[in-house]
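J.: Here it is, the structure in full.
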Amino acid sequence: MSLTFTAPGRVNLIGEHTDYTGGFVMPVAIQFATTATVSNCDDGLYTFASDRFENTRTMKPDDRSTKAGDWSDYPVGVLRELQSLGIVPPPFVLRLSGNVPLSAGLSSSASIEVATAMALLAHAGTAMAPQAIARLCQRAENNYVGSPCGIMDQFIATLGSAGSALLLNTRNLSYDLLPQNKGPLGNCRIVVANSGVMHSNASGDYGLRRRELEAGQNVLLRRWPYLRDLGDVTIEQLASCERDMPSESFRRCSHVVSENHRVQEACEAMIAGNPKRLGAIMTEAHASERDDFECSCEEIDFLVSTALELDGCYGARLTGGGFGGCTVNLVEATKAQAFANALKDAYRTRFQLEAETYLCEAADGAVAGAQRHKPGRGADDDASI
Ligand code: GLA
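Quick note on numbering that gives the first Met the number 0: the sequence shown kicks off at 0 and runs consecutively.
Given below as structure tokens:
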């Protein structure tokens with residue numbers, strides 16, 4: 000017997016690097032996904048395989064080896080977290096397949112983790128609340144893979160909802176679904192542009208930014224002990240501590256404190272159905288990521304500034320962890336295809352590189368079965384990597 004579950008990748012509309020200091024994020028699940036199929040086997044072992052990679056990994060149930068440094072660490076990390084809760088699945092073969100672009104800032108890893116968790120839970124004959132699955136998958140990534148990520152990616156992969164962006168308060172995991180396909184916003188498309196510059200959260204830059212930020216946060220918390228984290232800090236409080244912290248910590252904190260405001264403003268713009276305002280806030284967020292958080296790069300800045308010159312574009316910004324990856328663009332639907340083509344042409348001319356573009360619609364979070372998430376419309380939508 001085999002059991003199959005599918006979990007999507009995501010694009011974050013706004014709220015970057017706010018999900019590990021009690022802030023807000025606003026991601027949407029997208030049509031690219033990972034499918035995990037788990038089958039019984041009688042060799043007494045756990046086997047992990049993927050259609051996207053050549054190597055398989057096999058281990059005994061009591062294996063406690065450290066990470067292998069490849070794709071298999073994500074599902075093995077999930078298994079380890081389940082085992083630490085006393086959930087010991089019977090021997091299995093877990094096969095993964097999918098089309099979430101890899102190392103592109105679209106959360107291929109969270110989609111693997113969530114699809115794996117759901118498959119292994121079902122295989123073990125047990126269940127878990129969606130929020131608990133998201134937290135378990137985050138712990139898998141923090142503890143086993145060694146990537147100090149926040150909760151956003153695993154949460155949206157689990158709880159995303161077709162047609163809506165998800166406004167998540169990462170302090171207490173309360174959330175609202177904001178319809179993204181109604182009113183004037185329904186006449187917009189989310190266009191994702193993949194620079195092809197690859198970056199992994201487990202590499203040093205993400206952790207370095209986190210440490211710089213936390214150094215600044217510690218200064219603030221010493222001064223106002225009732226603050227829980229940067230999510231509670233006002234712009235004025237931060238400004239009054241500028242001279243008490245290293246300048247890079249001040250700029251990293253400035254990004255996070257201002258970004259939390261922007262997410263809330265973006266939420267109001269979405270509720271008011273105002274794409275112009277939403278786009279302007281996204282573009283402001285990019286400037287903050289580029290200048291204060293310093294997690295952009297030349298290729299991404301080029302994609303953003305070019306996008307803003309093109310007809311029908313309301314706003315553009317770097318999405319995801321940064322240092323490469325993708326931009327997210329809010330574009331008038333009837334102009335989205337021409338926008339994507341023009342952006343790719345400009346990128347090719349400037350860098351002699353191909354950017355992929357994906358016309359996205361907010362998709363559902365994890366589901367039982369192998370069905371692909373509803374495909375978007377447009378030239379590169381079916382691009383499988
Ligand atoms: C990565 C992490 C997330 C989040 C973003 C930045 O995607 O996995 O938890 O921190 O970067 O917003």
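All C-beta atoms, glycine included, are put in the ideal place defined by N, C-alpha and C.
Owing to the predicted nature of the structure, the values given are computational and were not obtained by experimental measurement.
Am I right that Leu-226 and Leu-219 are in contact with their C-beta atoms under 8 Å? What's the rounded C-beta distance?
T.: Within the sequence shown, the letter at position 227 stands for residue 226. Within the sequence shown, the letter at position 220 stands for residue 219. The Cβ separation is near 6 Å, so the contact holds.
J.: Residues in its own chain within less than 6 Å of Val-191 by CB, not counting five upstream and five downstream?
T.: Here residue 191 is taken as the residue at index 192 of the sequence shown, counted from 1. Closer than 6 Å at Cβ, skipping near neighbours: Val-10, Cys-325, Val-327, Tyr-357 and Cys-359.
J.: In this structure, how does DSSP classify Gly-8 when only helix, strand and coil are distinguished?
T.: On the sequence shown, residue 8 is found 9 positions in, with the first residue counted as 1. Of the three classes helix, strand and coil, the one that applies to Gly-8 here is strand, per DSSP.
J.: When burial is assigned at 16 or more other CB atoms within 10 Å of the CB, is Trp-223 buried or exposed?
T.: Here residue 223 corresponds to residue number 224 of the sequence shown, with the count starting at 1. So Trp-223 counts as exposed.
J.: For Thr-157 versus Gly-364, is the C-beta spacing smaller than 8 Å?
T.: For the purposes of this step, residue 157 is taken as residue 158 along the sequence shown, with counting starting at 1. For the purposes of this step, residue 364 is taken as residue 365 along the sequence shown, with counting starting at 1. Yes, Cβ-Cβ distance for Thr-157 and Gly-364 is below 8 Å.
J.: Please work out which residues of its chain come closer than 6 Å, Cβ to Cβ, to Glu-80, disregarding the five sequence neighbours upstream and downstream, and give them in chain order.
T.: The count along the sequence shown starts at 1 and reaches residue 80 at position 81. The answer, listed in chain order, is Leu-135, Arg-138 and Ala-139.
J.: Determine the direct distance from the alpha carbon of Ala-339 to that of Leu-12, and round the result to whole angstroms.
T.: As a working mapping, residue 12 is identified with position 13 in the sequence shown. As a working mapping, residue 339 is identified with position 340 in the sequence shown. Approximately 17 Å between the Cα atoms of the pair.
J.: Can you tell me whether Thr-17 is helix, strand or coil according to DSSP?
T.: Translated into the one-based positions of the sequence shown, residue 17 becomes position 18. Thr-17: coil per DSSP, three-state reduction.
J.: Cβ of Met-151 within 7 Å of any heavy atom in the ligand GLA?
T.: Counting from 1 along the sequence shown, the entry for residue 151 is found at position 152. Yes, the ligand GLA has a heavy atom inside 7 Å of this Cβ.
J.: Is Ile-132 helix, strand or coil by DSSP?
T.: Residue mapping note: residue 132 aligns to position 133 of the sequence shown, counting from 1. If DSSP states are grouped into helix, strand and coil, Ile-132 belongs with the helices.
J.: Measure the C-alpha to C-alpha separation of Phe-31 and Asp-228 and round it to an integer number of angstroms.
T.: The residue labelled residue 31 in the question sits at position 32 within the sequence shown. The residue labelled residue 228 in the question sits at position 229 within the sequence shown. Phe-31 and Asp-228: Cα-Cα distance of roughly 34 Å.
J.: Any beta carbon from chain B within less than 8 Å of Gly-68's own beta carbon?
T.: Of the protein chains in the structure, only one exists, and it is not chain B.
J.: Straight-line CA distance for Pro-129 to Phe-154?
T.: To locate residue 129, count along the sequence shown from 1; it is residue 130. To locate residue 154, count along the sequence shown from 1; it is residue 155. Each residue's alpha carbon lies about 8 Å from the other.
J.: Can you tell me the Cα-Cα spacing of Ser-383 and Ser-246, whole angstroms?
T.: Position 384 of the sequence shown, counting from 1, holds the residue named residue 383. Position 247 of the sequence shown, counting from 1, holds the residue named residue 246. With a pLDDT of 27 at Ser-383, under the threshold of 50, the predicted position of this residue should be treated as unreliable, though the coordinate-derived value follows. Cα-Cα distance, rounded: 42 Å.
J.: For Ala-114, tell me which candidate among Gly-76, Ala-362, Met-269 and Thr-5 has the shortest Cα-Cα distance.
T.: Within the sequence shown, numbered from 1, the residue matching residue 114 stands at position 115. Answer by Cα proximity: Thr-5.
J.: If you check the beta carbons only, do Met-197 and Gly-323 fall under 8 Å apart?
T.: Working through the sequence shown from its first residue, we reach residue 197 at position 198. Working through the sequence shown from its first residue, we reach residue 323 at position 324. Yes, Cβ-Cβ distance for Met-197 and Gly-323 is below 8 Å.
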